[in-house]
Amino acid sequence: MTKHIFVTGGVVSSLGKGLTSASIGMLLENRGLSIRMQKLDPYINVDPGTMSPYQHGEVYVLDDGSETDLDLGHYERFTNSPLSRDSNYTTGQIYLAVINKERRGEFLGQTVQVIPHITNEIKHVLSKLAGDDVDVVITEIGGTVGDIESQPFLEAIRQYSLDVGKENCVYIHLTLVPYLKAAGELKTKPTQHSVGQLRQIGIQPDFLVCRTERSLSHDDRAKIALFCNVPVEAVIEEKDKDFSIYEVPLSLVENGLDELIIRKLGLKAGKLDLAHWHDLLHRLRNPNHEISIAVVGKYAEHHDAYKSIYEALDHAGIDNLAQVRIQRVHSEVVEREGAERLLAGVDGVLVPGGFGERGIEGKIQAIHFARQRGIPFLGICLGMQCAVIEFARGVLGLEQAHSTEFNKNTADPVICLLDEQKTITDMGGTMRLGAQPTVLVPGSKALECYGRADISERHRHRYEFNNAYRKQFATNGMQVVGTSPDGGLVEIVELPEHPWFVAVQFHPEFKSQPTRSHPLFAGFVGAAVARHAARGERAHEAERR
Ligand code: GLN
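This note's numbering puts the first residue of the sequence shown at 102, with every later residue one more than the last.
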């Protein structure tokens with residue numbers, strides 16, 4: 102019988118429910134349990150694919166091509182549980198399914214209502230990941246308790262324990278215990294209110310994970326326990342981690358949360374073995390080098406827009422024993438102030454994916470700078486397309502070269518719409534999405550990084566390298582070193598004459614883990630470390646982040 106853990110959040114948003122859920126998953130998996138992770142999002146968009154990164158942060162793409170919430174990135178970085186379309190549902194998807202059923206006449210004349218029809222549909226998706234080979238499904242409920250949008254989800258998880266048995270469900274509530282400077286103390290009232298709201302709708306949380314900047318005293322714990330109707334040991338402290346998010350699982354272990362959950366659910370589990378995790382933190386704390394990598398994008402000021410990229414750079418730093426200082430460079434500022442001023446000191450330049458024309462010329466200038474100065478460069482998706490445009494303009498002399506995404510009538514459309522995209526008009530879920538195979542060419546840097554010629558990476562794009570220009574690029578020094586198995590689609594280009602210049606049509610950042618850095622990121626950061634060393638700058642004693 103599969104057990105269920107529900108994670109809700111209260112008081113404020115952005116408490117790190119995703120990280121906490123991922124950490125719980127990691128600990129249970131480490132103890133030999135088979136887990137599945139799921140996120141339910143209360144917004145009405147069918148998926149985040151149509152939302153601006155300013156609104157929602159990055160769109161995280163899975164192997165099966167679903168465009169999902171960025172918390173699923175945490176799940177994949179912390180655990181090895183397989184994710185699929187069933188791992189992320191939104192209110193939009195739930196209503197769409199119910200309305201489609203209604204249109205097909207499946208409700209046989211009933212009035213279709215939030216309870217029971219919407220809640221039944223939610224319970225259906227909760228049960229989808231359960232199965233003989235799954236010990237625990239961890240479902241994170243997006244949003245904050247008290248939001249109107251969250252109500253049907255909370256009602257459904259309440260009902261769920263009646264359906265499958267109370268002993269098979271655990272409710273974990275993540276809450277904030279703020280420190281009030283003026284009073285000089287931690288305040289438990291917001292937590293009391295938030296748990297009060299949960300209890301009003303019939304959910305008594307089993308565990309309270311308390312986000313706080315100061316340690317909870319025994320009195321704080323006792324007070325929270327009393328007012329929230331839980332035993333003192335169920336009050337779990339999760340103190341702010343200013344060093345690394347990868348410390349979160351350890352702080353949960355210190356509070357015994359894994360053991361408490363396992364006991365509550367009556368699971369048989371093995372012992373924790375966190376040696377690899379301690380090793381990872383040790384490497385993070387004791388780097389031999391310090392390098393700086395510029396990430397040049399148009400959402401530079403918005404941390405979540407390039408979340409997986411920043412994480413993958415950190416992982417590559419761990420792999421190379423290097424502290425990676427990430428410089429977020431706004432591509433429009435490059436246009437105004439020039440690449441030299443902003444990028445002169447960096448050891449590597451990364452241009453990430455994106456859509457739309459704003460800031461494109463700044464990205465192209467940054468790539469030009471990296472190409473000419475021999476600075477290690479990694480281009481991802483739009484970053485690759487910009488590298489192709491830059492090479493066409495700067496080396497092939499095709500001054501008008503562009504992508505037809507930005508100039509439909511360009512004389513030299515070196516990047517053009519994928520054939521399969523030409524008849525598509527709907528925006529949601531219609532790009533070339535998900536895992537696609539790529540074959541690598543012998544002698545390439547990509548092959549050197551991956552150590553194998555057949556790879557699979559995740560995609561999310563509508564435009565591609567225009568094959569009509571392949572030969573012209575190759576004879577002038579930009580090589581196609583990775584293609585789809587039939588050779589038809591260009592997946593990777595490189596400049597063999599450059600110390601490290603690799604650009605890929607796919608998104609390697611989605612497959613990087615802290616304990617297993619992505620090969621391309623590891624290679625890129627390795628090249629940046631080499632450049633840094635070659636410049637004769639002594640590696641600094643790394644400061645703690
Ligand atoms: N806008 C480009 C395309 O659709 C790049 C997409 C991306 O970077 N994810 O092909």
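Cβ coordinates follow ideal geometry from the N, Cα and C atoms, glycine included.
If you measure from the CB of R559, is any heavy atom of the ligand GLN nearer than 8 angstroms?
No, since every heavy atom of the ligand GLN falls outside the 8 angstroms radius drawn around the Cβ of R559.
Look up A284 in the DSSP assignment and say whether it is helix, strand or coil.
Assigned with DSSP and collapsed to three states, A284 falls in coil, not helix or strand.
For the region 318-333 against the region 277-289, are there 3 or more C-beta pairs whose distance is under 8 angstroms?
Between the region 318-333 and the region 277-289 there are three or more inter-stretch CB-CB distances shorter than 8 angstroms, so the stretches are counted as touching.
Looking at the strands, I want to know which residues DSSP matches up with N421.
Under the DSSP definition of a beta bridge, N421 lacks any partner.
So that I know if they touch, is there some Cβ in chain C lying closer than 9 angstroms to that of Q522?
Looking at the structure shown, chain C is missing, and only one protein chain is on hand.
Helix or strand or just coil, what does DSSP make of C329?
If DSSP states are grouped into helix, strand and coil, C329 belongs with the helices.
Is M532 close to the ligand GLN? I mean its beta-carbon at under 8 angstroms from any heavy atom of the ligand.
Correct: M532 has its Cβ closer than 8 angstroms to the ligand GLN.
Can you say whether E595 is buried or exposed, counting buried as having 16 or more other CB atoms within 10 angstroms of its CB?
Its Cβ being crowded by 16 or more others within 10 Å, E595 is buried.
For the alpha helix (DSSP H) that contains L353, what are its first and last residues?
Per DSSP, the unbroken alpha helix (DSSP H) holding L353 starts and ends at V349 to E355.
Within the continuous beta strand (DSSP E) that includes I481, where are the two ends?
From DSSP, the beta strand (DSSP E) with I481 extends over F478 to I481.
Smallest Cα separation from L375: which of D359, N389, N387 and G367?
Comparing alpha carbon positions, the residue from D359, N389, N387 and G367 closest to L375 is D359.
For G150, three-class secondary structure by DSSP:
G150: helix per DSSP, three-state reduction.
Please confirm whether D142 and D170 have their CB atoms less than 9 angstroms apart.
Contact: yes.
Is it right to say G304 is buried, meaning 16 or more other beta carbons lie within 10 angstroms of its own, or is it exposed?
Sequence inspection shows Ile at residue 304; the Gly mentioned does not correspond to that position. Buried: at least 16 other Cβ atoms inside 10 Å.
Through-space distance from E250 to Q501, alpha-carbon basis
Cα-Cα distance, rounded: 49 angstroms.
Decide if T531 is buried, meaning its Cβ has at least 16 other Cβ atoms within 10 Å, or exposed.
T531 should be labelled exposed.
Tell me whether V112 sits in a helix, a strand or coil according to DSSP, three-state version.
In the three-state reduction of the DSSP assignment, V112 falls in the coil class.
Does the beta carbon of C311 fall short of 8 angstroms from some heavy atom of the ligand GLN?
No, since every heavy atom of the ligand GLN falls outside the 8 angstroms radius drawn around the Cβ of C311.
Using only the alpha-carbon positions, how far apart do N387 and T180 sit?
Answer to the nearest angstrom: the Cα atoms are 24 angstroms apart.
Using 8 angstroms as the threshold, is the region 192-208 in touch with the region 150-165, meaning 3 or more CB pairs across them?
With the cut-off at 8 angstroms, the region 192-208 and the region 150-165 do not touch.
By DSSP, does H608 sit in helix, in strand, or in coil?
Residue state, collapsed to three classes: coil.
Once the 5 residues before and after E549 are set aside, which same chain residues still bring their CB inside 8 angstroms of it?
G624.
Between the Cα of V471 and the Cα atoms of R632, S167 and V271, which residue gives the shortest distance?
It is Ala, not Val, that sits at residue 471 in the sequence shown. Residue R632 is the option with its Cα nearest to A471.
Collapsed DSSP secondary structure at E402 in the structure displayed:
DSSP places E402 in the coil class of the three-state scheme, outside both helix and strand.
Between the C-alpha atoms of T276 and Y176, what's the straight-line distance to the nearest angstrom?
Here the C-alpha atom of T276 lies approximately 20 angstroms from the C-alpha atom of Y176.
Reducing DSSP to helix, strand and coil, say where M138 ends up.
In the three-state reduction of the DSSP assignment, M138 falls in the strand class, which pools E and B.
I think I242 touches F107, with their Cβ atoms under 8 angstroms apart; what is that distance to the nearest whole Å?
Indeed they touch by this definition, with Cβ atoms about 7 angstroms apart.
Mind checking T576: buried by the 16 CB within 10 Å criterion, or exposed?
By the C-beta density criterion, T576 is exposed, having fewer than 16 other C-beta atoms within 10 angstroms.
Would you call G529 buried or exposed, if buried means 16 or more other Cβ atoms sit within 10 Å of its Cβ?
Counting Cβ neighbours within 10 Å, G529 comes out exposed, since fewer than 16 surround it.
Taking a contact to mean a Cβ-Cβ separation below 9 angstroms, would you say K464 touches L479 in this structure?
No; because the gap between Cβ atoms is not below 9 angstroms, this pair is not in contact.
Alpha helix (DSSP H) containing R632: first to last residue?
Residues P620 to A635.
Alpha-carbon spacing of G357 relative to V336, whole angstroms
In this structure, the CA atom of G357 is about 10 angstroms from the CA atom of V336.
State the CB to CB distance for the pair L361 and E334, rounded to an integer number of angstroms; the pair is presumed to be in contact (CB under 8 angstroms).
In this structure L361 touches E334 by the C-beta definition: roughly 7 angstroms separates them, less than 8 angstroms.
Length of the line joining the Cα atoms of P597 and V237
Rounded to the nearest angstrom, the two C-alpha atoms are 48 angstroms apart.
With distances taken between CB atoms, is the gap from L309 to V331 smaller than 9 angstroms?
Taking 9 angstroms as the Cβ cut-off, L309 and V331 qualify as a contacting pair.
Between the region 414-429 and the region 383-403, do three or more beta carbon pairs fall short of 8 angstroms?
Here the region 414-429 makes contact with the region 383-403; the two share three or more CB pairs at distances below 8 angstroms.
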